[in-house]
Each structure stands twice: as C-alpha cells, then as structure tokens.
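So in the numbering used here, spot 51 of the sequence shown is number 47, and the numbers just go up one at a time.
The structure under discussion appears below in the form of structure tokens.
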Amino acid sequence: DWISLLVLISSILISFLVSYIYYNYEILEQNDRFLKDSDSIVIRISDKLQLVGTVLHGFRGIYEIKENVTREDFKKYYESLQASQKLSGVQAIGYQFETADKQVFVKSIDELKSLGLLKRDLPVIDDDGKYRFIFYIEPPDDRNTAAFGYDMYSNPVRREAINKSYVNDLPSISGAVTLEIGRAH
-3 DWISLLVLIS SILISFLVSY IYYNYEILEQ NDRFLKDSDS IVIRISDKLQ
47 LVGTVLHGFR GIYEIKENVT REDFKKYYES LQASQKLSGV QAIGYQFETA
97 DKQVFVKSID ELKSLGLLKR DLPVIDDDGK YRFIFYIEPP DDRNTAAFGY
147 DMYSNPVRRE AINKSYVNDL PSISGAVTLE IGRAH
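If you want it as structure tokens, here you go:
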C-alpha cells in the first residue's frame, strides 16, 4: 500500500511542479509581450512627435521666407501635409500669433471678426506686454474654429510646454490639460 501512496504523492508533486513551471513560463511570456508592445507604442509616439516637430519647423520656415503668410498659405500648407496622410491622429495644426504692437493686434482681431471666426472674448495683454492668440487653425471644423482667439499661453501647463519647446527648439509634451479651447463665448 505504501507504494501506491508514494506513487500518488509523487504524481501530485509532479503535477504541482509542472503547473508551477508552466505558470512562471506564461508570466514571463506575458511580460515579454507587454514590454514589446509598450516599446512599440513608445516608438510610434516618438515618431509622431518627431513628425509634428518637422511640420511645425516647416511652418516656421514659411514664416521666415515669406513676411506676410496668409490664411490661404496656411491652408495650402496644411493640405499638402494631409495629402501625405502622415498626420493621422493629429486633430489640428494651428498657429498662435504673438505681438506687442496694439495696432497689429487690433488689425488681426478685426480680421478674425470679419471672417466670423472670433467667437470668444478678446485675448488680453500678458504680463510681458504681448498679445497671444490662435490666428490660424486647420482643419476648420466646429471644434477647431472655436479655438480662434484663444491664448494658449494663458494656461500655466501649456505655457510651461511652450517655453520648454521654445528653449529647446523641439516639440514638447504638456502635462494634463482641460480642453477649454472649445469654450467660446
């Protein structure tokens, strides 16, 4: 009888050992898959940020070679980017105008008003003596057009990302923000 008992106990121990080894193998496999998937996601996000940085540098280049960029110029630039279909997932490309000249500010705001694009309170002059507001944005859907006149610099989290981007001359990710841009008045 003790041989039967020994076989039973050995079988149970072998079953537990095989189960334990299999469980650990599965855990290692799942961790490996998770790491590969997360690395892939990080690479895709990094590639998208690099692309967005290239797009923004391209628009800056247009401004450097052409003194008066028009709304139509901005639209053509955006459409040329869309034609490449590399901007999938990007909801909008915009340009925040900045000036310390009140006459230039008033003229720009009047343009937004005359086109029916300004649906919010006027931006105010910042502590550094500059007016900042979104002047161009594409595509012009309802959500994006609500952003005309919004001062991205007025939000401390966005301000930090803008300053970091300016200092490093690279795209910057902001911390969490509430999308109050769409709150037009």
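For every residue, glycine included, the Cβ atom is placed at its ideal position computed from N, Cα and C.
Practice problem: Have a look at Ser34, Asp33, Val173 and Glu63 and flag the residue whose alpha-carbon is nearest the alpha-carbon of Arg155. | Solution: Sequence index remark: in the sequence shown, residue 155 carries index 159 (1-based). Taking only the C-alpha atoms, the option nearest Arg155 is Val173.
Along the chain, where does the alpha helix (DSSP H) that runs through Thr50 open and close? On the sequence shown, position 54 is the one that residue 50 refers to. First-last of the alpha helix (DSSP H) with Thr50: Trp(-2) to Ile61.
- Message: To the nearest angstrom, how far is the alpha carbon of Ser42 from that of Leu52?
- Response: As a first step, residue 42 is located in the sequence shown; it is residue number 46 there, counting from the start. As a first step, residue 52 is located in the sequence shown; it is residue number 56 there, counting from the start. One C-alpha to the other measures close to 15 Å.
#### Entry: Gly90 vs Ala143 beta-carbon contact at 8 Å
On the sequence shown, position 94 is the one that residue 90 refers to. On the sequence shown, position 147 is the one that residue 143 refers to. In this structure, Ala143 lies closer than 8 Å to Gly90 by Cβ.
Notebook entry, point to check: How is Phe70 classed by DSSP in three states: helix, strand or coil?
Noted result: As a first step, residue 70 must be located in the sequence shown, where it is residue number 74. Reduced to three states, the DSSP call for Phe70 is helix.
message = If I follow the unbroken alpha helix (DSSP H) through Ile105, where does it start and stop?
response = By 1-based counting over the sequence shown, the position of residue 105 is 109. Ile105 -> alpha helix (DSSP H) spans Lys98 to Ser110.
| For Lys160 versus Ser168, is the C-beta distance shorter than 8 Å? | As a position in the sequence shown, residue 160 is number 164, starting the count at 1. As a position in the sequence shown, residue 168 is number 172, starting the count at 1. Yes, the Cβ-Cβ distance between Lys160 and Ser168 is below 8 Å.
Q. By DSSP, does Arg116 sit in helix, in strand, or in coil?
A. In the sequence shown, the residue the question calls residue 116 occupies position 120. Coil at Arg116, not helix or strand.
Give the secondary structure of Gln87 by DSSP, where H, G and I count as helix, E and B as strand, and everything else as coil. Taking the first residue of the sequence shown as position 1, residue 87 is located at position 91. Gln87 falls in the coil class under three-state DSSP.
Return the CA-CA distance between His181 and Tyr127, expressed in angstroms with no decimal places.
For the purposes of this step, residue 181 is identified with residue 185 of the sequence shown, where counting begins at 1. For the purposes of this step, residue 127 is identified with residue 131 of the sequence shown, where counting begins at 1. Low confidence applies here, because His181 scores a pLDDT of 43, under 50, leaving its location unreliable; read the following figure in that light. Computed Cα separation, rounded: 19 Å.
Buried or exposed (CB count within 10 angstroms, at least 16 for buried), Pro152 | For the purposes of this step, residue 152 is identified with residue 156 of the sequence shown, where counting begins at 1. Its Cβ having fewer than 16 others within 10 Å, Pro152 is exposed.
| Secondary structure at Ile169, three-state DSSP: helix, strand or coil? | Counting from one through the sequence shown, the residue named residue 169 turns up at place 173. Of the three classes helix, strand and coil, the one that applies to Ile169 here is coil, per DSSP.
What do you reckon, are the CB atoms on Phe129 and Gly145 nearer than 8 Å?
If you number the sequence shown from 1, residue 129 lands on position 133. If you number the sequence shown from 1, residue 145 lands on position 149. Cβ distance < 8 Å, so Phe129 and Gly145 count as in contact.
Checklist entry - Between the beta-carbon of Gly54 and the beta-carbon of Leu166, is there less than 8 Å? => result What you label residue 54 is simply residue 58 of the sequence shown in a count that begins at 1. What you label residue 166 is simply residue 170 of the sequence shown in a count that begins at 1. No, the Cβ-Cβ distance between Gly54 and Leu166 is not below 8 Å.
Going by the CB atoms, is the gap between Glu134 and Tyr59 shorter than 8 Å?
For the purposes of this step, residue 59 is taken as residue 63 along the sequence shown, with counting starting at 1. For the purposes of this step, residue 134 is taken as residue 138 along the sequence shown, with counting starting at 1. Cβ atoms of Tyr59 and Glu134: not closer than 8 Å.
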